[in-house]
Structure formats: C-alpha cells, structure tokens
Amino acid sequence: MSLHGHHDGNSKKRPRVNGNHIIEAAAKKVKADVVYTKTAGSTVIHWFRTDLRLADNTALHAATESAARRKLSLVVLWIISPAEWRNHLAASIKHAETTDDVLNLVKETCAEFQTAELHFNKEYERNESRRDAVIAAELPMMGVDVFSHHDQCVIPPGTIKTRQGNEYTVFTPFKNSWMVHLELNRDMLKPKPIPQPAIPLPDHLAALATEYAAVPRTVNGFILDTAKLERAHVTFPASEAHAQSRLANFMDRKIQMYANDRDKPFLSATSALSPYLTSGLISARQCVFQAMKKNGDQLTMLKTGAGTWISELCWRDFYRNVVVAFPRVSMNRSFKPEAELIEWRDDPVGFHAWCQGKTGFPIVDAGMRQLNETGWMHNRARMIVASFLAKDLLINWKLGENYFHEHLIDGDLASNNGGWQWSAGTGTDAQPYFRIFNPKTQSENFDPEGTYIKTYVPELASLKGKSVHDPYTALGAKGVEKIGYVKPIVDHKAARERALAAYSKAMKKLQPYSTNSSYNFDTYRFVNKLESETFERERAEGIMASLIDVIQESVTNITKNMVPKSEHEKSLYQTRVDFAQLRTELQLLEQNQYVILRADTTRLSVETDKLRRRVYEELRRVQSNIRLELSLEKGRIRDEQASQELKIREAQSRVDSEVANLRTQLEGITWELFRTLVPLFCAFGGLFFAYLRLVK
1 MSLHGHHDGN SKKRPRVNGN HIIEAAAKKV KADVVYTKTA GSTVIHWFRT
51 DLRLADNTAL HAATESAARR KLSLVVLWII SPAEWRNHLA ASIKHAETTD
101 DVLNLVKETC AEFQTAELHF NKEYERNESR RDAVIAAELP MMGVDVFSHH
151 DQCVIPPGTI KTRQGNEYTV FTPFKNSWMV HLELNRDMLK PKPIPQPAIP
201 LPDHLAALAT EYAAVPRTVN GFILDTAKLE RAHVTFPASE AHAQSRLANF
251 MDRKIQMYAN DRDKPFLSAT SALSPYLTSG LISARQCVFQ AMKKNGDQLT
301 MLKTGAGTWI SELCWRDFYR NVVVAFPRVS MNRSFKPEAE LIEWRDDPVG
351 FHAWCQGKTG FPIVDAGMRQ LNETGWMHNR ARMIVASFLA KDLLINWKLG
401 ENYFHEHLID GDLASNNGGW QWSAGTGTDA QPYFRIFNPK TQSENFDPEG
451 TYIKTYVPEL ASLKGKSVHD PYTALGAKGV EKIGYVKPIV DHKAARERAL
501 AAYSKAMKKL QPYSTNSSYN FDTYRFVNKL ESETFERERA EGIMASLIDV
551 IQESVTNITK NMVPKSEHEK SLYQTRVDFA QLRTELQLLE QNQYVILRAD
601 TTRLSVETDK LRRRVYEELR RVQSNIRLEL SLEKGRIRDE QASQELKIRE
651 AQSRVDSEVA NLRTQLEGIT WELFRTLVPL FCAFGGLFFA YLRLVK
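Numbering follows the UniProt record's numbering, in which position 565 of the sequence shown is assigned residue number 565; successive positions increment by one, without gaps.
In structure tokens:
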C-alpha cells in the first residue's frame with residue numbers, strides 16, 4: 001500500500017490512507033513535547049523521494065525483501081514539500097522549519113503505522129543530507145530502524161577518487177575512471193526486480209487506510225498554469241511506463257545519430273528523458289544498461305551514438321559527486337572562490353528581457369520562450385542562454401540558475417548548478433572565462449535554417465536566409481519594430497569586452513604577482529655634488545661605484561623581505577577565503593561529528609534497550625519454562641499418587657470382595673455341613689437309642 005504526503009508549511013491535517021492503498025498525508029505541525037511510544041512493528045515503510053518507480057529501486061527493493069523476511073506489511077510514503085523545493089533558491093538557514101515539519105510528518109506516520117523499518121534512497125544536497133542525518137538519529141528512539149541507500153547515481157558519490165585520494169574536479173579524468181569502474185563492476189548495472197505483492201495490512205491499520213480516497217491534483221504552494229500543466233501531461237506523460245517507452249523509442253530510432261544531431265535544437269534528436277530521471281521514473285542505471293546493450297555490450301566506444309549518450313549520463317554522476325564533495329555549491333556559492341569577486345551588473349530590466357525571451361537575439365529568445373512555454377529547453381540552447389546572461393549581460397549566473405530551477409520540469413540542483421557554473425566559468429571543469437558564445441554564430445551553426453527560432457519566435461517566421469539570425473542588421477530598427485520583434489538589448493562585441501574586463505579584474509586579484517621592482521638612484525647628480533665639495537672627478541666616481549655596490553646589495557635584501565601592496569592584498573584575501581573555508585569545513589565537521597555521535601549514541605542506546613529487553617525476555621522465558629516444568633512435574637506426581645491410591649483402593653476393594661465371597665462360601669459350607677450332620681446325628685442317635693433298647 002502507498003502513502004502520499006503533502007507538506008506546505010501550513011497544513012494541519014495528519015496523514016491518511018485510502019482504500020486503494022494511496023494516502024494523502026498533509027503535514028501536521030507536531031508540538032515539541034509529543035512523546036512517541038515504542039510499539040511492536042507491523043510495517044516497513046519505503047519513503048519515495050526522487051525515485052518514483054517500482055523497477056530498479058534500491059531502497060524499495062531492500063524494504064520489500066525486509067518486509068517479506070519479517071512477515072510485515074509494506075507501506076510507501078511520498079511527501080510533497082513546496083517550501084522545501086523553494087528553499088533550494090535561498091540561503092540554507094531558511095530551511096530549518098521545513099526540516100522540522102518533514103521530520104515530524106515522518107515520525108507521525110511511523111507511529112501511526114507501527115513501523116519497524118524506514119527505507120529511503122539518499123539525496124545528496126546539503127539540506128537534504130542534514131534532514132536525513134536528523135532522521136537517522138531520532139527515529140531509532142521510536143524503535144524504528146533507518147536504512148538509507150545509494151540510488152541516484154550509477155556509481156555512488158565518493159567511490160571514484162584520484163590516485164592521491166582526492167575528489168575529481170575535472171570531468172574527463174572522472175569519466176575515464178567512471179568507465180573503468182563500471183567495466184570492472186558490471187553487476188552494478190543489473191536492474192533490481194519489481195517488488196512482489198506484500199502482506200496485507202492488519203485490520204486496525206487497514207481501517208486507517210480508508211480515510212482518504214484520492215490523491216489531490218493540486219497542492220498548496222505550487223502555483224501552476226492549467227494550460228501549461230495540461231501541455232506538460234502531453235509532452236511528458238508522468239508514468240514509469242511512459243519513461244520506459246521513451247527510452248525504448250530512443251534506443252530504436254534516435255541513438256544511432258545522437259552523436260551527430262544532439263546539438264541541433266530544431267531536431268528531436270535527444271532522449272528527452274531528463275524529466276523522468278529527475279523525478280526518478282527511470283534510473284540512470286537502466287539508461288546506461290540499455291545504451292551499453294545498444295553499444296555492442298561496450299561502455300568505452302564513445303564515438304558511437306550510444307557511447308556519446310553514456311558520456312552525457314556520466315556528467316550527471318559527476319555533478320552529484322561535486323555536490324557531495326564540495327557542499328558549498330548547493331549553498332548558492334561559486335565553486336571557484338575568486339569567482340565571488342566578479343562585479344556583476346544590477347540590471348533588472350535586462351534580466352526581465354532575458355526571462356521573457358525579448359533580448360533581440362533570436363536564438364536566446366527562442367530558448368527562453370521554449371522554457372516558459374514547455375518547462376523544458378534543449379541543452380545547446382541552455383548553454384547559449386546561460387552564457388548570454390552571465391557574459392553578454394554580466395548578470396549574476398545565480399539569478400539564471402534560480403529561474404531555471406523554478407521553471408524547468410527536469411530541474412535538479414546538481415545538474416542545474418553544474419551547468420550554470422560551467423557556462424559562467426565559475427565552476428569545476430568550466431569553460432575559460434574568455435570563451436564567450438556569440439549568439440549569432442551559435443544560431444547559424446546549430447539552427448542554420450532558423451527552424452527552431454521560428455517555432456518559438458513567430459515574429460521572425462517570414463524572414464528568409466541568414467536574416468533570421470540577425471534581424472536587426474537585416475531590417476533595421478523600424479523593420480524589426482514593424483514585425484513585432486525587439487532590437488538587441490546589448491551590442492555583443494562591446495558586451496564581450498566588458499565581460500572580459502570584469503572577469504580579468506576578478507581573476508587577477510588571486511593571480512601571483514612579480515616581486516621584482518625597479519629602484520632608481522641619480523648617480524650623476526651625486527658625483528657632481530661630490531665634485532663641488534672639492535673631490536676630484538675620478539675619486540668621486542670611485543666613491544659612487546662603491547656606494548652603488550652597497551646600495552644594490554641593500555636593495556636586494558630589502559626586496560627579498562618586502563611584499564608589494566597588491567601581493568599583500570592578495571595574500572590577505574586568500575587568507576580570508578581560507579579562513580572562511582576552514583570555518584565552514586569546521587562547522588560542517590562539527591555538525592557532522594555531532595550528528596554522527598548523536599546517531600551512534602542513539603543507536604547504542606537503542607541496541608542496549610533491545611539487548612536489555614532481549615535478556616529480560618529470555619530470563620522471563622527461562623523462568624516461565626522452569627515454572628511450567630515444575631508445575632508439570634507436580635501434576636505428574638499428583639497424578640501418579642492418585643493413580644497409586646486408586647490402585648490401592650481397587651486392591652482393597654478386591655480383597656474385601658474376596659473376603660466377603662469366602663465368608664459367604666464358608667457360611668454356605670457351614671450350613672451345608674450343618675444340614676448334613678444334623679440328620680446324621682439324628683440317625684446315629686436313633687441307632688443308639690435302638691441299641692439301648694435291644695440291650696435292655
């Protein structure tokens with residue numbers, strides 16, 4: 001059965017389950033003094049996050065196996081948290097209340113459903129990692145065992161490191177190690193089976209499961225345009241079956257030409273599986289597994305369409321490794337510290353034009369309008385619009401990242417942040433800051449006929465040839481205005497120079513400076529001065545030569561011990577950066593150590609309680625067995641005694657009966673003897689009296 005939770009930060013409803021095994025669970029703000037009592041486990045819960053599928057789901061597979069092994073019912077939980085989603089756009093300190101709400105909702109659900117185990121797949125962003133650490137520490141106090149699993153990546157983050165044991169910050173060597181690791185561990189790609197039906201819920205929990213009958217189509221906190229929502233349902237039907245169908249279609253029809261056509265936005269040449277990967281309707285392992293089969297069971301043939309697509313999937317793992325290894329990137333910060341020194345322009349008008357797709361650069365406008373209309377954008381267009389915002393407009397890339405996160409149907413923090421920092425030149429493996437996309441050149445190279453542009457910028461549909469790539473030059477200001485389009489909001493050449501200057505200025509603040517300095521001394525004037533003081537010219541020059549040697553030696557010594565102001569400022573800034581990083585890392589270490597210590601303490605406490613209960617139960621069982629055996633022995637003795645007494649009574653009865661029979665027989669014999677002897681005595685008496693008469 002499944003449980004569906006909704007948290008909007010304000011809702012007071014408690015979780016419910018419907019008769020079709022679907023729960024609408026609204027978050028309940030649980031008071032701090034609520035005490036959860038430990039109860040015997042009846043269920044195992046799998047908490048769905050960004051893994052909304054049955055097939056190849058690591059945590060769900062583990063939960064199902066555990067439930068079957070322990071003969072418990074399986075419950076699945078899904079929590080919608082608009083506030084949590086929005087907090088990816090803000091500072092992490094705004095996330096604490098949401099974490100408490102989600103934690104309380106999970107606690108309440110586990111208590112209501114008498115949960116023995118909670119399983120979930122790890123989320124690697126900083127806030128989510130903190131939330132999961134708290135859950136892992138606190139739920140065992142309720143008697144709930146917590147199990148987290150790696151599932152988002154093909155290879156778990158942190159598995160692949162450099163030879164020095166460091167994290168990779170460049171994609172190509174990471175990809176090479178990633179490929180080798182998969183070649184040596186192909187079992188990692190083996191899909192996990194779809195779980196089998198679980199044991200039905202007990203009656204008292206089944207009754208709870210019938211209180212709500214449907215999952216809501218709308219959620220407070222998510223403001224969605226109805227037309228866009230319906231269009232999204234058509235463009236990206238939300239189901240695991242549609243994800244598998246789209247993967248199969250891509251393998252059968254498109255992947256052969258993927259390497260050649262993937263950068264052409266006017267073609268439907270990509271897999272368009274990113275929304276399904278983001279929501280977890282399909283796993284990256286399933287994608288790599290199918291691509292490998294299509295690639296002749298090979299991973300490393302990267303020049304083929306399937307090989308190229310596997311390489312693109314590797315980027316997804318790479319960016320998640322970066323988020324785990326360098327959590328500052330999920331805290332609205334640049335990967336490169338020096339990038340924080342770039343002086344971005346405050347240009348709300350330009351940013352609004354970029355958001356609306358009204359910059360006057362057709363390829364940029366087409367990309368942004370595609371995003372606004374469909375919730376998705378071709379990857380080549382994403383790179384172009386990102387470069388345009390960060391470098392042509394010199395607007396902070398973080399604003400663009402936030403806008404993408406709000407509007408992309410496939411937006412996830414790791415890939416979105418990694419892509420934006422790559423385009424802005426501030427991240428790992430980023431393109432050089434001096435590489436700035438020319439929108440016109442990009443348009444001509446990747447949309448030569450303007451098909452993509454005309455699809456989303458209908459004002460330019462009537463233009464022919466190359467004019468569609470630069471309508472302002474072709475038509476002039478009045479011509480552009482006449483067709484309803486806009487003139488360019490910046491001059492690309494001038495904007496490029498401005499960006500180069502801003503980036504160069506920021507980068508130089510941390511570049512090494514030369515310590516060689518020139519020191520000038522007017523020797524001619526000094527010799528003339530000595531000569532005026534009655535020194536001979538030759539002698540004055542000799543003195544000057546000696547002084548020059550001493551001065552040069554002194555200057556050399558001073559130079560060795562002096563630091564130019566620029567170098568000093570650079571050193572101070574680097575020290576501040578190092579201290580800030582050290583402080584952040586120490587805080588993270590302290591928090592992580594505290595969470596780990598707290599979790600270990602809690603786990604030891606729970607294990608001690610379990611051991612104490614087990615010993616007590618064992619002792620009580622032994623005592624019960626002894627009492628039972630004693631009772632049985634006493635009963636057996638009583639039964640034997642009663643049996644002996646019965647036998648004695650029976651023997652006594654038989655003896656009495658025999659005596660009575662003998663007495664009766666004796667009496668009979670005596671009577672018979674009496675009856676026999678009386679006539680005999682009478683006869684003898686008669687004979688005797690007769691004899692006496694005769695004698696007389």
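From the three backbone atoms N, C-alpha and C, an ideal C-beta is built for every residue, glycine too.
Assuming residue i is part of the beta strand (DSSP E), what are its boundary residues?
i, result
"Trp47", "Thr43 to Phe48"
From the DSSP secondary-structure annotation, give me the bridge partner or partners of residue i.
i, result
"Glu117", "Val44 and Asp145"
Rounded to whole angstroms, what is the Cα-Cα separation between residue i and residue j?
i, j, result
"Leu89", "Lys440", "Confidence at Leu89 is low in this model, with a pLDDT of 41, below 50, so its placement is unreliable and the value that follows should be read with caution. Distance between the alpha carbons of Leu89 and Lys440: 31 Å."
"Glu373", "Glu497", "33 Å"
"Pro448", "Gln442", "9 Å"
"Trp344", "Leu399", "11 Å"
"Leu692", "Leu673", "28 Å"
"Ala660", "Leu694", "50 Å"
"Pro265", "Tyr456", "11 Å"
"Leu677", "Ser657", "29 Å"
"Val30", "Glu138", "Note on Val30: pLDDT 31, under 50, position unreliable in the model; the coordinate value appears next. Going from the Cα of Val30 to the Cα of Glu138 covers about 15 Å."
"residue 732", "Gln152", "Any property of residue 732 remains undetermined from this structure, which presents the chain solely from 1 to 696."
"Trp309", "Gly427", "23 Å"
"Gln114", "Ile199", "15 Å"
"Thr473", "Ser423", "27 Å"
"Phe689", "Cys682", "10 Å"
"Ser605", "Glu618", "19 Å"
"Glu401", "Asn417", "6 Å"
"Cys314", "Ser283", "13 Å"
"Arg70", "Gly375", "44 Å"
"Ala243", "Lys192", "17 Å"
"Trp85", "Ser415", "Since pLDDT at Trp85 reaches only 49, below the 50 mark, its modelled position is unreliable, and no value is offered."
"Phe388", "Glu65", "51 Å"
"Lys293", "Asn260", "20 Å"
"Thr235", "Arg613", "56 Å"
"Val489", "Ala461", "Just to set this straight, residue 489 is Ile in the shown sequence, not Val. The alpha-carbon atoms of Ile489 and Ala461 are separated by roughly 21 Å."
"Gly360", "Val486", "5 Å"
"Arg262", "Asn332", "30 Å"
"Val655", "Arg621", "50 Å"
Does DSSP put residue i in a helix, in a strand, or in coil?
i, result
"Gln376", "Residue identity differs from the one stated: residue 376 is Trp in this sequence, not Gln. Trp376 falls in the coil class under three-state DSSP."
"Ser643", "helix"
"Val606", "helix"
"Val234", "helix"
"Ser504", "helix"
"Val76", "strand"
"Gln244", "helix"
"Ile135", "helix"
"Val468", "helix"
"Cys153", "coil"
"Glu123", "coil"
"Asp347", "coil"
"Ile363", "helix"
"His95", "Low confidence applies here, because His95 scores a pLDDT of 32, under 50, leaving its location unreliable and the question unanswered by this model."
"Phe689", "helix"
"His352", "helix"
"Asp100", "helix"
"Thr601", "helix"
"Pro512", "Note that Pro512 has pLDDT 42, beneath the 50 cutoff, so the model's placement of it is unreliable and no number is given."
"Lys254", "coil"
Taking the alpha helix (DSSP H) that residue i falls in, what are its first and last residues?
i, result
"Leu182", "Phe171 to Leu184"
"Thr451", "Thr451 to Tyr456"
"Gln442", "Pro439 to Phe446"
"Tyr485", "From DSSP, Tyr485 is part of no alpha helix (DSSP H); its letter is neither H nor E."
"Leu52", "Segment: none, Leu52 is in no alpha helix (DSSP H) and carries neither H nor E."
"Asp413", "In the sequence as presented, Asp is not what sits at residue 413; that position holds Leu. First-last of the alpha helix (DSSP H) with Leu413: Leu413 to Ala424."
"Ala59", "Thr58 to Arg70"
"residue 701", "Nothing about residue 701 can be reported from this structure: the residues present for the chain run from 1 to 696 only."
*Length-filtered (4 minimum) alpha helix (DSSP H) runs lying within the region 257-345*: 258-261, 274-279, 284-294 and 305-325
_Any beta strand (DSSP E) of 3 or more consecutive residues that is wholly inside the region 622-679_ = none
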